[in-house]
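Below is one structure, written out as structure tokens; comments come after it.
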Amino acid sequence: MSKMRVLLADDHAILIEGLRAYLSYYDDVEVVGEAHDGAEALASVAELQPDIVLMDIAMPGINGITATRLIREQYPQTRVLVLTQHEEKQYVLALLKAGASGYILKRALGSDLINALRTVARGGTFLYPTVATLLVEEMKHPTVSLTPREAEVLQHIVRGETSSQIADSLSLSVKTVEWHRSNLMSKLDVHGVADLVRYALEHGLV
305 MSKMRVLLAD DHAILIEGLR AYLSYYDDVE VVGEAHDGAE ALASVAELQP DIVLMDIAMP
365 GINGITATRL IREQYPQTRV LVLTQHEEKQ YVLALLKAGA SGYILKRALG SDLINALRTV
425 ARGGTFLYPT VATLLVEEMK HPTVSLTPRE AEVLQHIVRG ETSSQIADSL SLSVKTVEWH
485 RSNLMSKLDV HGVADLVRYA LEHGLV
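Sequence positions in the sequence shown follow my numbering and run 305 to 510.
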């Protein structure tokens with residue numbers, strides 16, 4: 305029986321030690337390495353070619369959302385199973401959009417974790433029950449969607465660009481950019497650029 309080759313990515317050393325010790329009890333799992341931030345996770349995937357990355361979200365530097373997206377783009381053979389304390393809808397949606405194959409909470413049982421790893425290794429998707437419930441609610445009450453142009457303008461706003469700079473980058477008039485900026489704030493129900501940027505980052509819109 306071939307083993308699942310797993311890379312552990314979390315910035316808490318004691319958690320990684322615990323995961324490594326727990327997973328060592330299973331004959332079908334081999335922990336091939338560990339990473340303590342998103343950049344290290346990317347480098348480790350390139351070097352070790354694991355089957356699965358067990359990925360935390362809140363890590364220094366490159367966070368788990370960005371790391372997941374880059375891993376799936378650059379190393380599509382490697383799957384990502386998110387292991388986190390965050391169960392807010394915006395994180396779940398952002399990680400699934402980034403290409404994660406599963407989402408499990410750190411308060412889950414060890415048996416849930418090994419089941420999640422095996423499910424993802426078989427090519428399936430694993431969602432912790434409360435996370436699955438969140439997605440069902442999202443289907444009933446979907447969050448606001450942005451047009452491609454609105455998303456484009458929002459990305460530039462998050463980078464700190466002025467309306468004039470955005471207009472130059474996107475070949476638009478300043479007036480059109482200002483209209484999109486105003487429309488974004490109205491659609492997302494925020495007031496001011498700082499709130500707009502915060503909303504975009506928290507909800508995985510960029």
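The C-beta atom is built at its ideal place from N, Cα and C for all residues, glycine as well.
- Collapsing the DSSP output to three states places Tyr-330 in coil.
- Going by DSSP, Leu-450 is part of no alpha helix (DSSP H) at all; its letter is neither H nor E.
- A direct Cα-to-Cα measurement between Glu-344 and Leu-450 gives close to 33 Å.
- Nearest C-alpha to Ala-339 among Tyr-330, Ile-320, Ala-504: Ile-320.
- Between the alpha carbons of Ala-404 and Val-481 lies a distance of about 33 Å.
- Distance from Thr-388 to Leu-409 at the Cβ level is roughly 7 Å; contact confirmed, criterion being Cβ atoms closer than 8 Å.
- Proximity to Tyr-330 across Gly-414, Val-357, Arg-463, Gly-464 peaks at Gly-414, based on C-alpha coordinates.
- Secondary-structure assignment with DSSP links Ala-339 through a beta bridge to Ala-313.
- Rounded to whole angstroms, the separation of the alpha carbons of Arg-373 and Leu-327 is 25 Å.
- Spanning the alpha carbons of Thr-423 and Phe-430 requires a straight line of approximately 6 Å.
- Taking 8 Å as the upper bound for CB-CB distance, Leu-397 and Leu-358 are not in contact here, some 20 Å apart.
- Excluding residues up to 5 positions away in sequence, Gln-469, Ile-470, Ser-473, Leu-474 lie with their Cβ nearer than 8 Å to the Cβ of His-460 in the same chain.
- Residues of the same chain with a CB within less than 7 Å of the CB of Arg-324, apart from the 5 flanking positions on each side, are Leu-312, Val-335 in chain order.
- Around the beta carbon of Ser-477, fewer than 16 other beta carbons lie within 10 angstroms, which makes this residue exposed.
- DSSP places Tyr-379 outside both helix and strand once states are collapsed to three, so it counts as coil.
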